[in-house]
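Everything below concerns the one structure shown next.
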Amino acid sequence: MPQISIIAAIGLHNEIGFNNQLLCRLPADMAHFKMLTDGHAIVMGRRTWESLSLRPLPHRHNIVLSKNPAFSLPNATVIHSPSELSEVTDNQEEIFIIGGEQIYRLFIENSQTLYLTRIMAEFPADAFFPIIDEKKWHLAEETFHTKDAENPYNMKSQKWVRTA
1 MPQISIIAAI
11 GLHNEIGFNN
21 QLLCRLPADM
31 AHFKMLTDGH
41 AIVMGRRTWE
51 SLSLRPLPHR
61 HNIVLSKNPA
71 FSLPNATVIH
81 SPSELSEVTD
91 NQEEIFIIGG
101 EQIYRLFIEN
111 SQTLYLTRIM
121 AEFPADAFFP
131 IIDEKKWHLA
141 EETFHTKDAE
151 NPYNMKSQKW
161 VRTA
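Numbering of the sequence shown is given in my numbering, commencing with residue 1 and proceeding in unit increments.
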């Protein structure tokens, strides 16, 4: 089984989305996301897939997890349970869980790395990232990014590594 990493952008109160959309657009975070996930498998729920306008993200193996056994897609791999993931990713060293809330909750206990962008703002939200148990995780890296003309919020890029 490949290493499982989670990648997410979250607000001050663990917000990740509202009405099936990201909290905001941050080009610096999008570039970071692309750099980390390019060439890897990415796993998302059906609602996250729909938020991408039903188009796969390029240069990545797009995997959609859906409970509906009849759900299929012509341009992405569909799995119906987390246990099926190893069947479609056995040649990958690392896979990235990209959301949403239910998918993060399914995989957080089996993930080894969290790549989090902490957006230094509060947002209206109906989807949230799980609370990180800091007894199980170590903050290995953190980079602060000051807001600018293209990125309207200060943010921190963090890499958390599982310790337990």
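Beta carbons: idealized from backbone N, C-alpha and C, even for Gly.
1. Using the Cα positions of R47 and T146, report the straight-line distance between them to the nearest angstrom.
2. Taking one C-beta from the segment 111-125 and one from the segment 57-72 each time, how about it: are there three or more such pairs within less than 8 Å?
3. In angstroms, rounded to a whole number, what distance separates the CA positions of D29 and F144?
4. Please name the residue, chosen from V88, H13 and S157, that lies closest to A140 on a Cα-to-Cα basis.
5. Among K136, G11, I42 and T37, which residue has its Cα nearest to the Cα of N154?
6. Unbroken alpha helix (DSSP H) runs of length 4 or more, entirely within the segment 63-136: which are they?
7. Give the DSSP-derived three-state secondary structure of K34 in the structure shown.
8. If contact is defined by three or more beta carbon pairs under 8 Å, each pair taking one atom from either stretch, is the segment 106-116 in contact with the segment 46-61?
9. For E50, does the three-state DSSP call read helix, strand or coil?
10. Tell me H59's beta-bridge partners as DSSP assigns them.
11. Would a C-beta distance cut-off of 7 Å place A41 and I63 closer than the cut-off?
12. Tell me, please, which residues DSSP counts as bridged to T146.
13. Suppose you measure from the CA of A149 to the CA of R25; what does that come to, to the nearest Å?
14. Specify the secondary structure class of A28 as computed by DSSP and reduced to three states.
15. Output the distance between the C-alpha atoms of M35 and I7, rounded to the nearest integer angstrom.
16. Can you give the beta carbon distance from G45 to H59, rounded, assuming they're within the 8 Å contact cut?
17. Near A76, what residues of its chain come up, given a Cβ to Cβ distance below 6 Å and the 5 sequence neighbours on each side ignored?
This is what the structure holds:
1. The alpha-carbon separation between R47 and T146 amounts to approximately 31 Å.
2. no
3. Approximately 12 Å, taken between the alpha carbons.
4. S157
5. G11
6. Fully enclosed alpha helix (DSSP H) runs of 4 or longer: 85-89 and 101-107.
7. In the structure shown, K34 sits in a helix (DSSP, three-state: H, G or I).
8. The segment 46-61, when compared against the segment 106-116, does not touch it at the 8 Å Cβ threshold.
9. helix
10. H59 is not bridged to any residue.
11. yes
12. For T146, which the question treats as bridged, DSSP gives no partner whatsoever.
13. 12 Å
14. helix
15. 12 Å
16. Actually they are not in contact, since the Cβ atoms of G45 and H59 sit about 21 Å apart, beyond 8 Å.
17. P56, N62 and V64
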